[in-house]
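Per my numbering, the sequence shown starts with residue 12, numbered consecutively.
The structure appears right after this line, and notes come after that.
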Amino acid sequence: MIDLSLDREIPVLDWGPHLSGRVKRMKSSAIRELLKLTQQPDIISFAGGLPAPELFPLREVEEACRYVIRTEGDRALQYGPTEGYLPLREWLATSMHKYGVPAVPDNVLVTNGSQQALDLIGKVFIDPGDFVITSRPTYLGAIQAWNAYGARYQTVDLDDDGMVVDQIEEAYERAVRESGRPPKFIYVLPNFHNPAGTTLSLERRQRLAEIATRLDLPIVEDDPYGALRYEGEDLPPVCTYVPERTIYLGTFSKTLTPGLRLGWIVCPEVLMKRFVLAKQGADLHTGTFAQFVANDICQRGFLKPHIQRLRRVYKERRDTMLEALAEFWPEGCSWTHPQGGLFLWARVPESIDTTEFFKRAVEEKVAYVPGVNFYPNGDGGFNAMRLNFSYSPPEKIVEGIRRLGVALKKELGMM
Ligand SMILES: Cc1ncc(COP(=O)(O)O)c(C=O)c1O
Numbered sequence: 012m013i014d015l016s017l018d019r020e021i022p023v024l025d026w027g028p029h030l031s032g033r034v035k036r037m038k039s040s041a042i043r044e045l046l047k048l049t050q051q052p053d054i055i056s057f058a059g060g061l062p063a064p065e066l067f068p069l070r071e072v073e074e075a076c077r078y079v080i081r082t083e084g085d086r087a088l089q090y091g092p093t094e095g096y097l098p099l100r101e102w103l104a105t106s107m108h109k110y111g112v113p114a115v116p117d118n119v120l121v122t123n124g125s126q127q128a129l130d131l132i133g134k135v136f137i138d139p140g141d142f143v144i145t146s147r148p149t150y151l152g153a154i155q156a157w158n159a160y161g162a163r164y165q166t167v168d169l170d171d172d173g174m175v176v177d178q179i180e181e182a183y184e185r186a187v188r189e190s191g192r193p194p195k196f197i198y199v200l201p202n203f204h205n206p207a208g209t210t211l212s213l214e215r216r217q218r219l220a221e222i223a224t225r226l227d228l229p230i231v232e233d234d235p236y237g238a239l240r241y242e243g244e245d246l247p248p249v250c251t252y253v254p255e256r257t258i259y260l261g262t263f264s265k266t267l268t269p270g271l272r273l274g275w276i277v278c279p280e281v282l283m284k285r286f287v288l289a290k291q292g293a294d295l296h297t298g299t300f301a302q303f304v305a306n307d308i309c310q311r312g313f314l315k316p317h318i319q320r321l322r323r324v325y326k327e328r329r330d331t332m333l334e335a336l337a338e339f340w341p342e343g344c345s346w347t348h349p350q351g352g353l354f355l356w357a358r359v360p361e362s363i364d365t366t367e368f369f370k371r372a373v374e375e376k377v378a379y380v381p382g383v384n385f386y387p388n389g390d391g392g393f394n395a396m397r398l399n400f401s402y403s404p405p406e407k408i409v410e411g412i413r414r415l416g417v418a419l420k421k422e423l424g425m426m
């Protein structure tokens, strides 16, 4: 008799031989494991890249949901075009144009956050063994997306003016030597870099455009934080200089809410159909309801004053963190001074390995992301860490930085 009871013990199969090579390339991220430790309520976490939840526009989202259901429910709950909801694409094209990204609705594709855009870029461009040129450190989520497609990385340094673009040609040469073909694209985070907090200078933006043109390389410009500037002048996106070779990525995650999962790609029209086909296979289209809701909020002109409010609150949190670092951290530490965004990058004395030190920090009830995780080849960041300043209120920022200062002093034998 075969036991068909639903409570029976179900054997565990060995799935290994059935899995794709791609899945085997997806390494479980060390930081996800570490971050599980930070879920305890008494830990002050500077680890995630989370916006401040108390600033989510609950009332406006609620009103937009009601309005959309009442007036357009039949369309808002239906399947939609892969490219995205046209009125939202029109709004995005106009706002991108004002920002300096040449856009018309036909070259805007709505995605499930910019994380999906990164994945689609991997799907469309990367064959196993291809090289991508990026800064060292760089955005962890991009590495994770592209590793699945078998990407390799040639990296260039990063300093206070952002990616050191003059090293790109050498990185290009190395890629050609090692793979026998040119790298696929240059990945750049121009504003308030994740994780480093730095901004690419105007001069380097122009140089980057020149170098990419000379080498005939596409540029992937990932810009989730551009609207969150707390000091200094806005700079033109790299896309302004070379729209014909730039794939620009934007998102509502940091300016509205990440839970809607809405981002967008602006790219040359000839590339649109490639991305559309890649996206069709992944999810047919981005959630229609979320797009209608975001469109309603945007069309009402809510976003601009909301971003002003975010800037005020996040600037205060950034300043609080900078002041607390100066007050509580021992000598021999340094950190970046981000002009916007959500993160700063701190360095501690070389004798401290921030991955090892993480356990001590958690004992002191405070968390961060160890720097090595942002190095695509694992070749640096050993004494660095990424600190997020948007999520915690100022009093927690002060307390968390104080706790980290205590842990550092204990580690250095100063306490
Ligand atoms: C540089 C960068 N790119 C992409 C993303 C993904 O954002 P989302 O998928 O929420 O739009 C993030 C999120 O933190 C990011 O920092």
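From the three backbone atoms N, C-alpha and C, an ideal C-beta is built for every residue, glycine too.
Euclidean distance between Cα positions of ILE363 and TYR110 = Start at 1 with the first residue of the sequence shown, and residue 363 comes out as number 352. Start at 1 with the first residue of the sequence shown, and residue 110 comes out as number 99. If I take the Cα positions, the gap works out to 42 Å.
Count the other C-beta atoms from every protein chain shown that fall within 10 angstroms of the C-beta of HIS204, then say buried if there are 16 or more, exposed otherwise.
-> The sequence position of residue 204 within the sequence shown is 193, counting from 1. Counting Cβ neighbours within 10 Å, HIS204 comes out buried, since at least 16 surround it.
When DSSP labels each residue in this structure, what does SER187 get in the three-state scheme?
-> Numbered from its first residue, the sequence shown carries residue 187 at position 176. In the sequence under discussion, the amino acid at residue 187 is Val, which differs from the Ser named in the question. Looking at VAL187 - three-state DSSP - the assignment turns out to be helix.
Cβ neighbour criterion (16 or more within 10 Å) applied to LYS195 = Mapped onto the sequence shown, residue 195 falls at position 184. Answer is buried; the Cβ neighbour count reaches 16.
If you compare alpha carbons, which of PRO360, LEU355 and ALA395 is closest to GLY60?
-> Reading the sequence shown from its first residue, position 49 is the one you call residue 60. Of the listed residues, the one whose Cα sits closest to GLY60 is LEU355.
Given that a residue counts as buried once 16 or more other Cβ atoms are within 10 Å of its Cβ, and exposed if not, what is SER345?
-> Residue numbering aside, residue 345 sits at position 334 when the sequence shown is read from its first letter. Here SER345 is exposed. Its C-beta has fewer than 16 other C-beta atoms within 10 Å.
Would you kindly check if the distance between the Cβ of LEU336 and the Cβ of ILE412 is under 8 Å?
-> Mapped onto the sequence shown, residue 412 falls at position 401. Mapped onto the sequence shown, residue 336 falls at position 325. At the C-beta level, ILE412 and LEU336 come within 8 Å of one another.
Determine which residues share a DSSP beta bridge with TRP340 and list them.
-> Counted from its first residue, the sequence shown places residue 340 at position 329. Per DSSP, TRP340 has no beta bridge partner at all.
Just jot down, in chain order, the residues whose CB lies closer than 6 Å to any heavy atom of ligand 1.
-> Spelled out in chain order, the answer is GLY60, GLY124, SER125, GLN126, TYR150, GLY152, LEU200, ASN205, ASP233, PRO235, THR262, SER264, PRO269 and GLY274.
From the DSSP output, read off the bridge partner residues of VAL377.
-> Working through the sequence shown from its first residue, we reach residue 377 at position 366. VAL377 is bridged to ILE55.
Beta-carbon separation of LEU398 and ALA357 under 8 Å?
-> The residue given as residue 398 occupies position 387 in the sequence shown. The residue given as residue 357 occupies position 346 in the sequence shown. The Cβ atoms of LEU398 and ALA357 lie closer than 8 Å to each other.
What is the DSSP secondary structure of VAL121, reduced to helix, strand or coil?
-> By one-based count along the sequence shown, residue 121 stands at place 110. In the three-state scheme derived from DSSP, where H, G and I count as helix and E and B as strand, VAL121 is classed as strand.
Cβ of VAL253 within 8 Å of Cβ of ALA220?
-> Position 242 of the sequence shown, counting from 1, holds the residue named residue 253. Position 209 of the sequence shown, counting from 1, holds the residue named residue 220. Yes; because the gap between Cβ atoms is below 8 Å, this pair is in contact.
Return helix, strand or coil for SER146, following the three-state DSSP convention.
-> Along the sequence shown, one-based indexing puts residue 146 at 135. Here SER146 sits in strand by DSSP.
Residue span of the alpha helix (DSSP H) that contains PHE286, given as start and end = Looking up residue 286 in the sequence shown gives position 275. PHE286: member of the alpha helix (DSSP H) spanning 280-294, first to last residue.
Can you have a look at TYR160 and say buried or exposed, based on whether 16 or more other CB atoms are within 10 angstroms of its CB?
-> Position 149 of the sequence shown, counted from the first residue, corresponds to residue 160. Residue burial annotation: TYR160 is buried, with at least 16 other C-beta atoms found within 10 angstroms of its C-beta.
Contact between the region 145-158 and the region 386-393: three or more CB pairs below 8 Å?
-> Segments in contact, yes.
Distance CB(GLY114)-CB(ALA104) smaller than 8 Å = As a first step, residue 114 must be located in the sequence shown, where it is residue number 103. As a first step, residue 104 must be located in the sequence shown, where it is residue number 93. One detail in the question is off: residue 114 reads as Ala in this sequence, not Gly. Yes; because the gap between Cβ atoms is below 8 Å, this pair is in contact.
Are the beta-carbon atoms belonging to GLY208 and PRO349 less than 8 Å from one another?
-> In the sequence shown, residue 208 corresponds to position 197, counting from 1. In the sequence shown, residue 349 corresponds to position 338, counting from 1. Inclusion of GLY208 and PRO349 in the CB contact set at 8 Å is warranted, their separation being smaller than that value.
Find out if the Cβ-Cβ distance for the pair GLY91, THR262 is shorter than 8 Å.
-> The count along the sequence shown starts at 1 and reaches residue 91 at position 80. The count along the sequence shown starts at 1 and reaches residue 262 at position 251. No, these two residues do not count as a Cβ contact at 8 Å.
Would ILE230 pass as a contact of ILE197 if the rule is Cβ separation under 8 Å?
-> By 1-based counting over the sequence shown, the position of residue 230 is 219. By 1-based counting over the sequence shown, the position of residue 197 is 186. Contact: yes.
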